Amino acid sequence: MPKEKIIDSKEIISLIIGSLVLGFIFSFKEWGYGSVNIDLGLSNLIRATILSLIVLSIYQLSHKLIAKKFELNSRFTIWSMKRFWFTKSSKVNETKLFGMKIKSIKMGVIIPLLFAFLTNGILKFATVGSSEISQRKGRNVGREYKHISEYEEALIFLVGPLTCLLMALIFKQFPGFDKLVEISYTLAIFSMIPFSGLDGSKIFFGSLPLYICSGTFILISVALMQILSPVLTLILSAIVAILLLTIFLYRTL
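Per the working numbering, residue 506 is the first one in the sequence shown, and the count goes up by one each step.
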């Protein structure tokens, strides 16, 4: 049996597109001061795109590694929607653009760019993509990844945001990595949004307690890392997350 590829051409293209979108929104306000400076703008765009590619690649690599533990494949895709409403007639018809088949609305491109222009680059809506998991070749056919629970599936999708948070905490300690840190923690936050198709929704519906605990942990960590050390940030964030989870479980059980 031929060995499966770790990454294919479609996933590489998705990572590049996602990085370009992130690079654009994270360099939106860096095209000069007072007047547009093309050279400066392009330089900042290229830098932000490269940093975004690094963050996205590590984000997806973490998914691949944990998915492999469950004998699954993980693949990064641009956030897409196949329907623009809830009715059957709202399904997106297949069209061709520059020779490529388009079967869905690429929300991971449209939404971040739209918010960048509407807010003049203030709100960096970093919802460019998500991971899709599938059964590895050679497994018994049947229900997709039937050998894992919804909770285990949620854990796979949670690894990416937590990895981004960890990157932000580590590189926050070194000068010159401000942009990398910003991209990392922003991606960690927006990956947790429970919109259909995003990793956050898969965590939310896979395990609501896990979503509440991890979402709180990430948000508090991002807030505290601006003023506290990484260790203290993690400790305090964990305490708050556990307290909130305890309250939630007490009120629901």
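Just so you know, even glycine gets a beta-carbon here, dropped at the ideal spot from N, CA and C.
Treat the numbers as computed from the prediction; the structure is a model and nothing was measured.
Item: Collapsed DSSP secondary structure at L703 in the structure displayed; Value: coil
Item: Validate contact between the stretch 706 to 714 and the stretch 658 to 669 using beta carbons, cut 8 Å, 3 pairs; Value: yes
Item: Bridge partner(s) assigned by DSSP for T582; Value: S635
Item: Residues of its chain near F679, where Cβ-Cβ distance is below 8 Å and the 5 sequence neighbours each way are ignored; Value: none
Item: Per DSSP, cross-strand counterpart(s) of Q640; Value: L577
Item: Length of the line joining the Cα atoms of N542 and V614; Value: 25 Å
Item: Of the listed residues F695, D704, T691 and V686, nearest to L501 (C-alpha basis); Value: Nothing about residue 501 can be read from this structure; the chain reaches only from 506 to 758.
Item: Min CB distance V727 to chain C below 8 Å; Value: Here there is only one protein chain, and chain C is not present.
Item: Within 8 Å, strictly: CB atoms of G634 and S562; Value: no
Item: Per-residue DSSP class, three states only, for F591; Value: Interpretation of F591 is limited by its pLDDT of 41, a score under 50 that renders its predicted location unreliable; the figure taken from the coordinates is listed afterwards. In this structure, F591 counts as coil in the three-state DSSP scheme.
Item: Local conformation of I511 per DSSP, three classes; Value: coil
Item: Proximal residues to I583 (C-beta, below 7 Å), its chain only, five neighbours per side dropped; Value: S519, I522, G523, K611, G613, V614, V633 and G634
Item: The stretch 539 to 557 touching the stretch 568 to 581, judged by at least three CB pairs closer than 8 Å; Value: no
Item: Other residues of its chain near E516: CB distance less than 7 Å, five sequence neighbours each side excluded; Value: R580 and F581
Item: Beta-ladder partner(s) of I610, from DSSP; Value: M586
Item: C-beta atoms of P735 and S696 nearer than 8 Å; Value: no
Item: Proximity below 8 Å, CB of K534 to CB of G681; Value: no
Item: Supposed close pair I717, L750 - CB separation, criterion 8 Å; Value: 6 Å
Item: Selection from G702, T721, V526 and V560 that minimises the alpha carbon distance to S742; Value: T721
Item: Residue nearest to S654 in terms of C-alpha spacing, selected from F630, K677, L577 and F620; Value: L577
Item: Helix, strand or coil at G647 [DSSP, three-state]; Value: Low confidence applies to G647: its pLDDT is 47, below 50, so where it sits in the model is not reliable, and the reading given next is rough at best. The answer is coil: DSSP assigns G647 none of H, G, I, E or B.
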